[in-house]
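Sequential numbering of the sequence shown, starting at 20, is according to the numbering used here. Just so you know, even glycine gets a beta-carbon here, dropped at the ideal spot from N, CA and C. Quantities reported herein were computed from a predicted structural model and do not represent experimental measurements. Working notes, structure below.
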Amino acid sequence: MTELTTARLRLTPMTVADFDHLCRLWRDPAFTGQIGLPAMTPETVWLRLLRDIGHWQALGVGNWSIRRRDDSAFIGSVGIFDYRRDLVPVLGDLEVGWGLDPAFQGQGYAFEAVTEALRHADEDLKLARTTCMIAPDNAASFRLATKVGFTPWVEGDLRGEKIQLLERLRT
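Below, the structure is given as structure tokens:
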């Protein structure tokens with residue numbers, strides 16, 4: 020399992036120790052509203068966390084916890100994964116995703132974490148293409164995605180909801 024660092028951040032594969040932080044994040048309407056999902060129960064967060072931990076075991080990729088290096092504050096998550104979503108069209112390549120606690124947004128942390136995850140995808144994993152999906156109303160994530168090289172690919176349908184799908188070719 021791969022740990023990554025940047026000037027300000029430490030990205031570590033998700034563990035059960037992240038559960039309380041993730042419960043707080045996934046129950047915050049300011050966070051879930053940005054990505055177009057309802058708040059999650061602790062049981063749902065637990066199952067999601069176990070899926071993320073299993074990703075590392077099965078695929079060698081997954082979600083990282085994002086923490087500040089100076090004080091270890093939990094900021095959010097970023098990852099490279101294959102959720103085999105019920106999505107039309109099928110993504111076909113690994114997906115990149117991110118989510119930050121609203122208290123830490125607007126400080127460049129998402130850009131720093133996503134840039135490092137994509138460096139890992141390009142240089143270490145040699146992925147030719149990555150994808151991401153963004154809720155239609157999430158302008159901040161769309162700006163970040165385009166800033167790091169994603170371009171609109173197609174409008175998708177995720178369980179009856181319209182979603183913007185983007186792609187990025189290795190640089």
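Span separating the alpha-carbon of residue i from that of residue j
{"i": "residue 116", "j": "residue 154", "result": "12 angstroms"}
{"i": "residue 40", "j": "residue 187", "result": "30 angstroms"}
{"i": "residue 124", "j": "residue 72", "result": "25 angstroms"}
{"i": "residue 51", "j": "residue 93", "result": "17 angstroms"}
{"i": "residue 88", "j": "residue 107", "result": "39 angstroms"}
{"i": "residue 43", "j": "residue 102", "result": "22 angstroms"}
{"i": "residue 121", "j": "residue 145", "result": "32 angstroms"}
{"i": "residue 111", "j": "residue 147", "result": "12 angstroms"}
{"i": "residue 45", "j": "residue 166", "result": "26 angstroms"}
{"i": "residue 162", "j": "residue 27", "result": "21 angstroms"}
{"i": "residue 63", "j": "residue 136", "result": "25 angstroms"}
{"i": "residue 31", "j": "residue 80", "result": "11 angstroms"}
Reduced DSSP category for residue i - H, G, I as helix; E, B as strand; rest coil
{"i": "residue 124", "result": "coil"}
{"i": "residue 55", "result": "coil"}
{"i": "residue 171", "result": "strand"}
{"i": "residue 24", "result": "strand"}
{"i": "residue 103", "result": "coil"}
{"i": "residue 67", "result": "helix"}
{"i": "residue 134", "result": "helix"}
{"i": "residue 78", "result": "helix"}
Same chain, Cβ closer than 8 angstroms to residue i, neighbours up to 5 away in sequence not counted
{"i": "residue 172", "result": "150, 184, 185, 186"}
{"i": "residue 47", "result": "58, 120, 121"}
{"i": "residue 170", "result": "185, 186, 187"}
Segment limits, beta strand (DSSP E) that includes residue i
{"i": "residue 184", "result": "180-188"}
{"i": "residue 91", "result": "Neither: residue 91 is in no beta strand (DSSP E) and is coded neither H nor E."}
{"i": "residue 148", "result": "148-153"}
Opposing strand residues paired with residue i [DSSP bridges]
{"i": "residue 32", "result": "83"}
{"i": "residue 176", "result": "107, 181"}
Close Cβ partners of residue i (< 7 angstroms) along its chain, the five nearest in sequence each way excluded
{"i": "residue 190", "result": "141, 168"}
{"i": "residue 20", "result": "32, 75"}
Chain B within 8 angstroms of residue i, Cβ atoms only
{"i": "residue 53", "result": "Although the question refers to chain B, the structure presented lacks it and comprises just one protein chain."}
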